[in-house]
Each structure stands twice: as structure tokens, then as C-alpha cells.
Amino acid sequence: MKRVYVNEQWCLGCRLCEYHCAFANSKESDMVKALKNKKIHSNIRVESKGNINFAVSCRHCEDPLCIRGCITGALQRINGLIVVDKNRCVHCYTCIVCCPYGAISPSEDGAIQKCELCVKNNNGVPACVSGCINQAIVYEER
Amino acid sequence: MNYIYPEYEVVRNYSRCITCRACENQCANKVHSYLECENRMESTDDNCVNCHRCVSICPTRALKIVKSTHTFRENANWTGKTINEIYKQAQSGGVLLSSMGNPESYPIYFDKILINASQVTNPSIDPLREPMETRVFLGRKSHEIVRDANRKVITKTTPQLDLSVPIMFSAMSYGSISYNAHESLAKASEQLGIYYNTGEGGLHEDFYKYSKNTIVQVASGRFGVHKDYLNTAAAIEIKMGQGAKPGIGGHLPGAKIVGAVSRTRMIPEGSDAISPAPHHDIYSIEDLRQLVFSLKEATDYKKPVIVKIAAVHNVTSIASGIARSGADMIAIDGFRGGTGAAPTKIRDNVGIPIELALASVDKRLRDEGIRDSVSLIVGGSIRSSSDIVKAIALGADCVYIGSAALIAMGCHLCRSCQSGKCNWGIATQAPELVKRLNPAIAYQRLVNLVSAWEHEIKEMMGGMGINSIESLKGNRLMLRGVGLNEKELSILGIYHAGE
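Chains as they are written, first to last, in the working numbering: chain A, 1 to 142; chain B, 1 to 499.
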């Protein structure tokens, strides 16, 4: 299955992926309208220390701890992709505690949010990948 | 007190800025900063070199850079630029330094030359339908047909370089440009079937795998020169001069001689890499001949030797001497040629235009009957495919591109290479900046540029009814001058338009 991978060697820590992610999932057509003066909630996050940077998002694990922890079945694995059914989420955040990558976070409305590889917002290619200025984030089979 | 007002101003469209702070993150000159209390970005124009890194990455197109309209009291003689230079020197007491090519408004002869096309009586050729040859061989060509005892033609030649298109990446050293820039050039050359040049900084051990497409340079500092370096290359270039700074040497500050750069140059970390102005063992053509043959001896006569010189006033006599020195190629670098750092006044005032140097050298060598002894490579601001067609019609065998290649990789000609803070990861050794140039992207951009130029060269050749680059070589009848005086036309060896 194609997944989003980050080549740490090329990640510059510019955090543009976070903004492209938030914009892609905002349902707005203009980035300014979507993000200006708003606190962004992205599904990818850049971790930085010194000169080392890398972006982290859901790994879509083979044996996902988040799904094991989910008490309502809001998280499901469909064709390898781990998706959220926000209507079923009861905001218990067990998945957030379970995820070893810290790739799940609460959204603005309280339900959890995570990377779904831009399949729901119909971008084709994940927005973090197309928006990366140094091809550090790639979408490929490994 | 600071006499100098910033040359550029950062204009931010606050209605579009989403304060993502990418500009702040990516500016090595620390132009942008974030004001937390007001949740807005600020800029310090004094630090801006107008490299466009922030402009290019801004996701909402909220930034642009404009030239400051701040002015001195206007004066045609004492321009703002001159006054500022005096302020700088009065402050520092130092030599003014600059990078990239001569930016002054001297004539650009390529822009005053027009190319011919076929009409009615001589059919043009469509390169998309018919074969079109851009392949060239560089090296000494035999003067006569020699046959063996059985009257068979002997086809063995001295070593040649085989190029798919008459373009090479000119010498830029590892040290002046980054590891990733070198890797991009090497990879692109391999894919394109052309050559890149190591410059005088040696060849990094990782790049020996590209040696089939590598020209190694031997310059006055002899940095990184050893037997394997010479033998791994496709050709060896002796650098006598550089178009941007004819007559002077180079100086890579000790601060840049770190880690792999020090190892590759074979000098201690932190020591200044000083290339002397002359080669201290070359004071005549005879001395040059000794070095040419030393290098040939060291490489078993398997590698062609290039001698690179800057285009200076007596370039024709020098070229004539080089052609007799045993060298296989002469590279001439015009006064617009680029550099990682040169004294401004040298860069802006020394040397001559490559078009005139090329035309006169080609003529001199032909007049003396030794044009076949060498191939002519010209550089010093080849900016487009039409410059290449014009250069070849003026007599060049091949061109070197340096600045154009850097621009393809992302260089924005901010001309601040000497600061070592290249925001595009090209002219820097700072690891956090070098990683900004991903060779996977940059090499593809180089391949794209050269492929695009190859298409355009074929189109122009087709238009002239020429299907082989060899038929264009020295074919000055395909050129006409506009707005040139008699003297210029006679040096270029072309007619005026209308003639």
C-alpha cells in the first residue's frame, strides 16, 4: 500500500506541510480564507531539534494500536487505510494515548482527527506531499 | 550611524499572510521575524539580498521584493551605486567583493546578432520528422587522411570527448558550491551524455562513480590533484584563468574548509585555500607544454587536456600558443563569466566579451592552419539556446554553461555567494542550507533545461536548412549583425543585416 513517508535527510522543518494539510481538510478553496487568523489543526506535525527535522503523520500500521484501543469502533481499517468515523467518536481519546507516533489529535469539534491520506478531501495526492518544497515527503509503496 | 539604506524592501501583503512563518524559517539572512504579541510578521530590510527564497515558498503569495526607491540626489556621474561603494570602503577599508558575472551595461554582442532561416530556394528541415545531429566530438582532429600498408584509412584518433549536445557544465569547485550541487551536476551530465567540471576543489570520493562524465581541473593551487583524480576523469582541464577575474587567483576562506571539503582539497581544516594568480611553474607556452605533457604522461595519453583561459586583450596570440602546446582543447571564458567571489572592480572592468574573443581566436587559428589541432569551448555567459547557436556559428565547438546551470537549480542571481549563506543550498557549506538543494529535484531541472535547449537548437538548425551541428560550426554566413559598427562586424566576421 502507498503510504506517506518522510525522508528526514531532506526535511527542512519549514512546516509548510502542516499548513497544506490544514488547508486541504478545511473545505475552503482559498488558503488565506481557510487559515488566516486561525489556529491550525493539521494531521501531520513537524518535529524539530537542532538541525534535525522530520514530519510525522499516521503510519497506517499493519496492527494498529489505535484501533485496538478504540472503544466504539470509530476507527476502522479499510483496505489498509485507517479512517475515522467522527459520528462514532465519543472523545475518550484512548487512541491518542495508544498511538506511539502521536499521529492522532483532537479536532476543533472534539472528535479525533488523523491523516487519511487525503482520500476524503479528494486531493488525489496527499497535500503534504504535493506541498513539500524539497520532496522530503513522498507518497510511495515501500 | 549607517550611511547605506537597504537596496531592497520586503513588501508583505498582510491581508494574505497567514503567519505560517515559513519565510522566517527559510531565511538565512534573518530578514523575517514573528511578533507574537501582534500575531504578525515583520521584516528587516537591511538584511535582504533579494534571493527570493521567501517569495518562492510563501504558500499564499503574500510576499514580494521591490527595489528601494530611496535615492541620492540624482547625478549621472556620481551614481547611487558608486556613492554606496565609497561609503562601504570608507567604513571597512577593504576590497569590494562580488559574486556571479559582470552585471554592468557593456554591449552583449549575442543580442546584436541575428540568425538566418531558409525561404523558398533552400528548404528548411523539420526536426520532429527528420534526423537532426547535435552530437559533437571534442579533441584534436587529424589534418590529413592517413592510410596503412593496405591502403585502409587509419581511424585511430587522439582521445576525444563525445557529447550528445554541445553543452557542458563549467568548472565550479566543491567548496564554492555544495556537495548537493555537485551531485546534481554529475547526475545530470550522466543522464544527458555530457560532462561537468569539478573546478579546482578536487573530486569528492562519492562522485568517482560519475567519472565517465567528469572533467577534472588542475589549477594554480593544485587542490585535490593526485593520480587517481587524473586517471578517473574523462578529461583534464588546466585552469590558467577565469573570465570573472582574469589575472588574479582565488581565496576560499578557512571557515569553508571543513570536513569533506578539506579532505577533498587535501589541505588542513580551517586553512585558507589560496590559489595563486599564476601557476608558479608556468611562465611561457613552453612551460605550459610541460604541464600538458606531464598530465598526459600521468594518464598514459588516454585523456584529452583542456587549457582554460580568460578572454583578455591578446587572447588570440595566447590561444595560438596553446594550440601548439599539445593541448587538445582551449576553453575561453568571457568577461561575463561567473564566480563565487571576486574583487568587484576586477569582475566589472577586466577582460573582453566572449563573442569577440571567440570570433578572433577562431579566425587566427584558421589563418595559421592550426584550427584542427584544438577544439574551442566558450563560456562566460551563455544564456540560452540561441546564444549557443550563435557561438557555434562564430566558430565554437562547444559551450560551457555555469550561471545558467545554477539558475536552473534555483539560483536567483542575488550575487551574494561570497557570504556563504546561500538560501538555495548552492553556494554554501552550512549543512542546514546545503540540504535545501535536493539533487533529485535539481538534477531533473538541469536535464530539463539542456533537453529544452537541445530541442530549440534543432529547431533553429532546421530553420536554416542544416541537419548537423558540424555544418553550423564556423558558418558565419548564417549570422547578421544589427546596430554594430564596421570594426565590430569585421572582428565578428559577419555581415550587417541587409547585406
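Glycine included, each C-beta is placed from N, C-alpha and C at the ideal position.
In chain A, which residues lie less than 9 Å from residue i when you measure between Cβ atoms?
i: C20/B; result: C14, R15, L16, E18, Y19, L35, I40
i: R366/B; result: Ordered by position in chain A, no residue passes the 9 Å Cβ test against R366/B, which lies about 49 Å from the chain.
i: P431/B; result: N51
According to the Cβ coordinates, are residue i and residue j closer than 8 Å?
i: A186/B; j: G243/B; result: no
i: H182/B; j: F207/B; result: yes
i: Y179/B; j: S189/B; result: no
i: I18/B; j: V32/A; result: yes
i: T316/B; j: V374/B; result: no
i: L81/A; j: V138/A; result: no
i: I306/B; j: I215/B; result: yes
i: A405/B; j: V399/B; result: no
i: I113/B; j: L479/B; result: yes
i: S262/B; j: E200/B; result: no
i: P343/B; j: L96/B; result: yes
i: M132/B; j: M461/B; result: yes
i: S381/B; j: S403/B; result: yes
i: V292/B; j: S325/B; result: yes
i: V31/B; j: V55/B; result: no
i: H204/B; j: Y174/B; result: yes
i: R445/B; j: N134/A; result: no
i: L161/B; j: A62/B; result: no
i: A24/A; j: N121/A; result: yes
i: C23/B; j: N423/B; result: no
i: C99/A; j: L75/A; result: no
i: Y14/B; j: S68/B; result: no
i: T134/B; j: I457/B; result: yes
i: G131/A; j: C17/A; result: yes
i: I4/B; j: N84/B; result: yes
i: Y93/A; j: I78/A; result: no
i: D517/B; j: K308/B; result: Any question about residue 517/B goes unanswered here, given that chain B covers just 1 to 499.
Give me the DSSP bridge partner(s) of residue i.
i: L365/B; result: None; L365/B has no bridge partner.
i: I306/B; result: E237/B, M329/B
i: G481/B; result: I113/B, H496/B
i: H280/B; result: Answer is none; H280/B lacks a bridge partner.
i: D162/B; result: F137/B
i: C398/B; result: I377/B
i: T214/B; result: Y196/B
i: A342/B; result: S98/B
i: H32/B; result: S43/B
i: M168/B; result: Y400/B
i: Y67/B; result: The sequence given here has Lys at residue 67/B, not Tyr. The partner list for K67/B (beta bridge, DSSP) reads Y8/B.
i: K2/A; result: E141/A
i: Y174/B; result: I177/B
i: G250/B; result: S275/B
Mind checking residue i: buried by the 16 CB within 10 Å criterion, or exposed?
i: F169/B; result: buried
i: G124/A; result: exposed
i: G338/B; result: buried
i: S43/B; result: buried
i: N122/B; result: exposed
i: M210/B; result: Inspection of the sequence shows that residue 210/B is occupied by Tyr rather than by Met. Y210/B is buried by the Cβ-count criterion.
i: A341/B; result: buried
i: A284/B; result: Correcting the residue identity first, residue 284/B is Ser in this sequence and not Ala. Looking at its Cβ environment, which holds fewer than 16 other Cβ atoms inside 10 Å, S284/B is exposed.
i: Q157/A; result: In the structure as shown, chain A begins at 1 and stops at 142. Residue 157/A is therefore absent and cannot be evaluated.
i: G50/A; result: exposed
i: Y101/A; result: exposed
i: A439/B; result: A small correction: the amino acid at residue 439/B is Pro; Ala does not occupy that position in the sequence shown. By the neighbour-count rule (16 or more Cβ atoms within 10 Å), P439/B is buried.
i: K81/B; result: exposed
i: T198/B; result: buried
Name the chain B residues whose beta carbon is nearer than 8 Å to that of residue i?
i: M31/A; result: I18, P59, T60
i: Q113/A; result: Those do not exist, as Q113/A stays about 19 Å from chain B at its closest Cβ, beyond 8 Å.
i: Q9/A; result: K435
Using a cut-off of 7 Å between C-beta atoms, extract the partners of residue i located in chain A.
i: R436/B; result: L12, N134
i: N448/B; result: Ordered by position in chain A, no residue passes the 7 Å Cβ test against N448/B, which lies about 15 Å from the chain.
Since residue i meets chain A, which of its residues come closer than 8 Å, beta carbon to beta carbon?
i: I177/B; result: Per Cβ cutoff of 8 Å: no residues; I177/B is ~18 Å from chain A at best.
i: I441/B; result: N134, Q135
Using the beta-carbon of each residue, which ones in chain D are nearer than 8 Å to residue i?
i: Q26/B; result: No chain D appears in the structure shown, which is made up of the protein chains A and B.
Should the region 380–387 of chain B be regarded as contacting the region 142–161 of chain B, the criterion being three or more beta carbon pairs within less than 8 Å? As far as the Cβ criterion goes, the region 380–387 of chain B does not touch the region 142–161 of chain B, which means the pair count is below three.
With a cut-off of 8 Å, do at least 3 Cβ pairs link the region 46–61 of chain A to the region 9–21 of chain A? yes
Count the CB pairs spanning the region 67–74 of chain A and the region 70–77 of chain B that are closer than 8 Å, and state whether there are at least three. no
contact_flag[the region 101–113 of chain A, the region 40–50 of chain A] where n(CB pairs < 8 Å) is 3 or more: yes
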